[in-house]
Amino acid sequence: MSRMGWERVEDVEELEKEDFGLRGRLFFFRLVVVAILGLLLYRVYWIQQNSGDQLQALAQENQFAILRNDAPRGVIFDRDGDPLAINIPSFNVTITPTFLPDDPNELQAIYERLSLLTGVPVTNTVAQQQLVEAANPELVETYTRLAEIYGVSGQETLAQTGVVPQLPDSIGEIMRIAAPLQYIPAVITSGIPITQAYNIEQESIFLPGVRVLPEPLRYYPTAEYTAPIIGYMGPLPNENWLNLGLGYQRDDRVGWIGLESSMEIEMAGTKGERQIEVDWTGRELRQIGTAVEPTPGLNLHLTLDIDLQIIATEILRQAMEVREATPSREPITGQEEDVEVRQGAVVAMNPQTGEVLAMVSLPSFDNNRFQTEVPVDYYLGQARNEYQPFVNHAVSSIYPPGSTFKIVPGSASLQEGLVSPTRLLTAPGEITIPNRFAPNDPGRAQTFFCWLRSGHGVMNAITGMANSCDIYFYKISGGFDQDGEFIEGLGIDRLSRYAAQFGFGRVQGIELPLEAAGDLPPDRGWKARIYGEPWSTGDDYNMGIGQGFLTSSPMQVAQMAAVVANGGFLYRPTIIHHMTDSEGNIVFVDDDSQIVARARLGADGRTILTDADGNPLDDPSFNVRFDANGEIIYQPEVLNAVDVDRENLEIIAEGMQLVNVFVDEDEFYTGATYVDWLDPFGITTAGKTGTAEFCDNIAIEKGWCSFDDILNRRILPTHSWYVGYAPFDEPEIVVAAFLYHGGEGSRWAAPVACNVMAAYFGIAQYAQFSGAADVEFTEGDTRACNSLSFNPVLPPDLLDQVQRN
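Count the sequence shown with the numbering used here and you get residues -1 to 803, in order.
Here it is as structure tokens:
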């Protein structure tokens, strides 16, 4: 029934007005919605046209990822194939922050489950606070305030001062630090066993963001025996490594010191790449395309003989301990004083090739402590040690060489014709040299003393060397014109020129980092340029006996003796015999560490030489030869030949041979004062002792340097040196031994060098280390190198360690 007749006309009109207004508003709203949708559609179109590729790439980044696979790092062997640095398997438990859930309860559940699986606590907050409350409150308050003043971590300050020990990092703390790096896996724990890695990996499907990632660890079987040579690895030192274009990533580890550092590019290899599709947890679903396999790094085969290295280390270590336990007699008062001998080096080389057979540097350190991280306390303890365990003192530290250097002025004076081999020079206990700029002023004259204050009588080139007569070498170096005896003297210019030819004052190019050139004044103007003082009369004389401004490394001293032993050639020292790739090819690289050639022995016995890509290469500069066993023969590199005739070098060698001669109680020379050399075993040796005065920062700080008012001269501590080679007729080994603050070279360094030579030849007490079957030494047998000061007793377990190698 219609209601039209019952409604008033006014009400009907009012309803029609309201309906019209509603329809108008709805129409406007529809227009707004259509406009917004149009704008949105236009925005979508605009984005697709202008940013489509970029957004598509971002989407693919969420769905796809590029994984870079680390290349197997090259391993290091000694000359006989014994491993010195290898890779062992290890596993890290990681969490990638971006894949963690947002819900706090879910996040806490993941942390708690992971804590049960790994043993890493979820948080240490409560336990750390309990330690703080249990500590001395006054110290806690004091150091906390100091930390606030200097803007450093209060907990770290309390831990470093020993007030409150800091507990290991917890999962929560690790993730808090890693939060800004959302896509980089944060390591929760490392080095877990493989069975534990399997269990965690199986459960990781229920633990978003948790992954077990393999990471090989660097292991050094010989640890402290070779640590200064091999070095260790650590995180990227700085951001610059990411910009080198070599593919390094933030979580990579690189060599920090030693061969691990200097040969980093060769051993690192090239990373592999593969593209994968991932799910929302970051788990790999499938691989896209073909993977690029990593290229393993090159393997280093060293010239080092690890058995000799280990024995030489023990010999030097015991010599330093015995020397430190032997008081020294103060020259003025006659009182006995304790000495501190904490640093030393031994270098054993093949004088015919420049190959390093052993290189000992003490103190050393345990490079296996750096496998997964840099242990802060251990690192700082070693870094703050004034005797610098991280420094390879055999090549990177420089000291005055003392009388070992007399080989150079002895050779130069003969070559320059300043003296003949038989010319006799008077050698009193002291000589006084007038100042050349004020010859008539007695107050400016300078007196030079011989180590033997009673004098040596008369000396020639051979006996002067054998007796290490300071007066003889003062005269041939600085000149002399008194009492009817005239000798011109070499002077700094000629002395420096010959010293450089023998290897002083120059980087010789061994593959180890931070090789020191040493100090070698090239001319009279050097002192003015460096110190602002004129070259004085006494500087020529002091340099002639290896003192004054001259400094050198133990390796340079060994190289000097090697020049005499091989007849006049300075070879480039090397500790790397050759390098091989993963297929066993001999590899050659250029100065930029890029492979330029590969070589191998063919089935027909001929050498096959190819370029880096495997193409045949005909280049005579690669003189590759193999021996009958298929082993590559090392090709030495000559740096220079000295301008000394062979007959003059033979005169110096004759004097060095006489150094080690003991005739009877009334006739013996400096090297045989305390040591019985190897003549009973049919091995004739030659060498030179050295006792070098010094006054460096350590000596000044410890008060070892003094001045005697009565004698009007300085009283200085001394280093102990010896350098020699054997056999005399056909030298196979040259050994330089050095003891920092060791005192008399003939008493302490000479026995070390003698024992290292005996170990090399495998005679007497060292025969059991020679590898010969059923060789045993008893105390009734004749010992090699019987010394009045030091007779090493090698630990019983050393034989087992050497035999294992």
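All C-beta atoms, glycine included, are put in the ideal place defined by N, C-alpha and C.
Within the same chain, Cβ atoms closer than 6 Å to the Cβ of residue 293 are found at 69, 267, 268, the five residues on either side in sequence being excluded.
Residue 573 sits close to residue 301, with the two beta carbons spaced by under 7 Å. With a threshold of 16 other beta carbon atoms within 10 Å, residue 480 falls short and is exposed. For residue 592, the three-state secondary structure derived from DSSP is coil. Residue 355 carries a strand assignment under DSSP once its states are collapsed to helix, strand and coil. Of the residues 237, 756, 385, the one whose Cα lies closest to the Cα of residue 694 is 385. Across the set 615, 528, 202, 326, the C-alpha of 202 shows the shortest separation from the C-alpha of residue 112. With respect to residue 367, residue 373 sits close: the two C-beta atoms are nearer than 7 Å. At a Cβ-Cβ threshold of 7 Å, residue 88 and residue 213 count as neighbours. According to DSSP, residue 442 shares a beta bridge with no other residue. Distance between residue 90 and residue 736, taken at the CA atoms: about 44 Å. Judged by DSSP in its simplified three-state form, residue 533 adopts coil rather than helix or strand. Closest in C-alpha terms to residue 513, from the list 392, 541, 593, comes 392.
Inclusion of residue 343 and residue 326 in the CB contact set at 7 Å is not warranted, their separation being larger than that value. 7 Å or more divides the Cβ of residue 758 from the Cβ of residue 211. Here residue 190 has 89 as same chain residues with Cβ atoms under 6 Å from its own Cβ, once five neighbours each way along the sequence are excluded. Residue 99 counts as exposed, since fewer than 16 other beta carbons sit within 10 angstroms of its beta carbon. Counting along the chain, residue 185 sits inside the beta strand (DSSP E) bounded by residues 184 to 188. If you keep only unbroken beta strand (DSSP E) runs of at least 3 residues inside the segment 599 to 661, you get 605 to 608, 636 to 639.
In this structure, DSSP gives residue 525 a helical state, which the three-state scheme calls helix. In this structure the segment 716 to 723 does not lie against the segment 583 to 596, because fewer than three pairs of beta carbons, one per stretch, are closer than 8 Å. Straight-line spacing of the CA atoms in residue 568 and residue 551 works out to 15 Å. Three or more beta-carbon pairs drawn from the segment 392 to 406 and the segment 730 to 745 are found closer than 8 Å, and the two stretches are therefore classed as touching. Nearest Cα to residue 168 within the set 186, 703, 379, 459: 186.
Fully contained in the segment 676 to 708 are the following beta strand (DSSP E) runs of length 3 or more, in chain order: 684 to 691, 704 to 706.
Within the same chain, 318, 321, 322, 737, 738, 739, 740 come within 7 Å of residue 339 by CB-CB distance, once the 5 residues on both sides are set aside. According to DSSP, residue 347 shares a beta bridge with 354, 732. From the listed residues 228, 172, 309, 571, the smallest Cα separation to residue 634 is found for 571.
If only uninterrupted alpha helix (DSSP H) runs of at least 4 residues are considered, those enclosed by the segment 543 to 579 are 552 to 564. For residue 314, the enclosing alpha helix (DSSP H) begins and ends at 304 to 322. Shown here, residue 88 sits in coil according to DSSP, grouped into three states, outside any helix or strand.
Across the set 784, 657, 749, the C-alpha of 657 shows the shortest separation from the C-alpha of residue 726. Within the same chain, Cβ atoms closer than 6 Å to the Cβ of residue 533 are found at 522, 525, the five residues on either side in sequence being excluded.
Below 8 Å, enough C-beta pairs join the segment 631 to 648 and the segment 403 to 419 to call them touching: three or more. Around the beta-carbon of residue 206, 16 or more other beta-carbon atoms lie within 10 Å, marking it buried. Listed as beta-bridge partners of residue 585 by DSSP are 577, 596.
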